[in-house]
Amino acid sequence: MSNTNKKRPATKLVPVPSTNIIPERDINKSPILEARHLGIDFGGLTAVDDFNMAIGRTEIAGLIGPNGAGKTTVFNLLTKVYHPTRGSILMDGRDTAGKSTIQVSHMGIARTFQNIRLFRELTVLDNVLIGLHHEMDYRLPGAIFRLPTFWRGERIAKERARELLSIFDMQDMASHQAGSLPYGAQRRLEIVRALATGPSLLLLDEPAAGMNPSETAELMENIVKIRDTFKIAIMLIEHDMNLVMGICEGICVLNFGRIIAKGTPDDIQANPAVIEAYLGKKED
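So the sequence shown is numbered by our numbering: it starts at 9 and just counts up by one.
Here's what the structure looks like:
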């Protein structure tokens, strides 16, 4: 795995109750998310087993591993696309057992997907407005009869949508059809729409997939900008090791559904089990 040329700020990781670690600056606040002994079976196949991880409230965390290691399955468990066979997930200290995908979204988890999921026929602005539905404060009669409260809510939502698009300098694309955007811009739009839901934890599933080096470098800067601006936690799955090692503070490595290493980027790069998982075991 290669190192990034960009120097990342040093972060000290400290233990929290259980086997987890979070950035030292977040130690006086409970983790925004904690997974405890999480596991799921599909028939006779164990896809994820004994997954333990905490994410600090302002942490940029990475979840990496070879293809098929179970990374997206973990995201699906955290967002309740799948319900775990065992273990628990605490979001802001609250157990998510029995919650639906919509309910955990309301609790503060937003995500993007490996395969971009936009409303391709709608405009860029409308895609973001869909994410802002929770901020609309007018009632059904106001919408039906187009009362002043409706127009005021629409104006405020559109202003907010353009403000979010400006994070990626996309405000001038507001009237463009989402499906007509270049691939990298569609990726960025999906992140903006996720941010529109007002999350405390943003899950990014391979955000740099399909991006060129210049776009990836810009994405790295924007992920840090998002964390610093919104004071939220971000967890990402990514195969671009320059990106992961450049911005992630704590990294968790999965292989065959189990954690094989946790620590800082320097810890992970020097870990023999991680090197073996990616490169194979060196023959004697």
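Glycine residues also receive a C-beta, built at the ideal position from the N, C-alpha and C atoms.
If you compare the alpha carbons of P92, T120 and R119 with that of K107, the shortest gap goes to P92. Take E257, set aside five residues on each side of it, and the residues of its chain with a beta-carbon closer than 6 Å to its own are T19, P31, E67 and I68, in chain order.
L53 counts as exposed, since fewer than 16 other C-beta atoms from the protein chains shown sit within 10 angstroms of its C-beta. Contact annotation: I175 and L210 have beta-carbon atoms that are not nearer than 7 Å. Annotation: Q111 to L86 spans about 12 Å, alpha carbon to alpha carbon. Your pair S183 and D100 does not check out as a contact, with CB atoms roughly 37 Å apart and the cut at 8 Å. R44 sits in a strand when the DSSP states are folded into three classes.
Spatial neighbours of T205 in its own chain (CB-CB distance under 7 Å, excluding positions within 5 residues in sequence) are listed in chain order as S113, A118, G139 and H142. By the Cβ neighbour-count rule, F59 is buried, with 16 or more other Cβ atoms within 10 Å of its own.
Ranking G95, A202, I35 and I276 by CA distance to the CA of A169 puts A202 first.
For F264, the CB contacts under 7 Å within the same chain, skipping 5 residues up- and downstream, are A77 in chain order. In the structure shown, L227 falls within a helical segment according to DSSP collapsed to helix, strand and coil. When rounded, the separation of the alpha-carbon atoms in I276 and I283 is 9 Å.
Annotated three-state conformation of P92 is coil, per DSSP. DSSP, read as helix, strand or coil, puts K270 in strand.
Exposure of Q122 is indicated by the presence of fewer than 16 other C-beta atoms within 10 angstroms of its C-beta.
Spanning the alpha carbons of K166 and G51 requires a straight line of approximately 47 Å.
M219 is the residue among M219, K88, I268 and K239 whose C-alpha sits nearest the C-alpha of E246.
Shown here for A105: same chain residues with a beta carbon closer than 7 Å to its own, the five before and five after excluded, namely S96 in chain order. In this structure, the beta-carbon distance from T272 to L71 does not fall below 7 Å. For M115, the enclosing alpha helix (DSSP H) has its first and last residue at T109 to M115.
Just so you know, the alpha carbons of G73 and A285 end up roughly 8 Å apart.
Per the C-alpha coordinates, the member of N250, L173, L287 and I267 positioned closest to D274 is N250. Ranked by Cα distance from E171, the options Y191, G187, L133 and R160 are led by L133.
For N75, no beta strand (DSSP E) segment is defined, and its DSSP state is neither H nor E. Q185 carries a strand assignment under DSSP once its states are collapsed to helix, strand and coil. Residue environment analysis places P39 among the buried positions, since at least 16 neighbouring C-beta atoms fall within 10 angstroms of its C-beta. In the structure shown, the three-state DSSP call for P280 is helix. For G258, the enclosing beta strand (DSSP E) covers residues G258 to N263.
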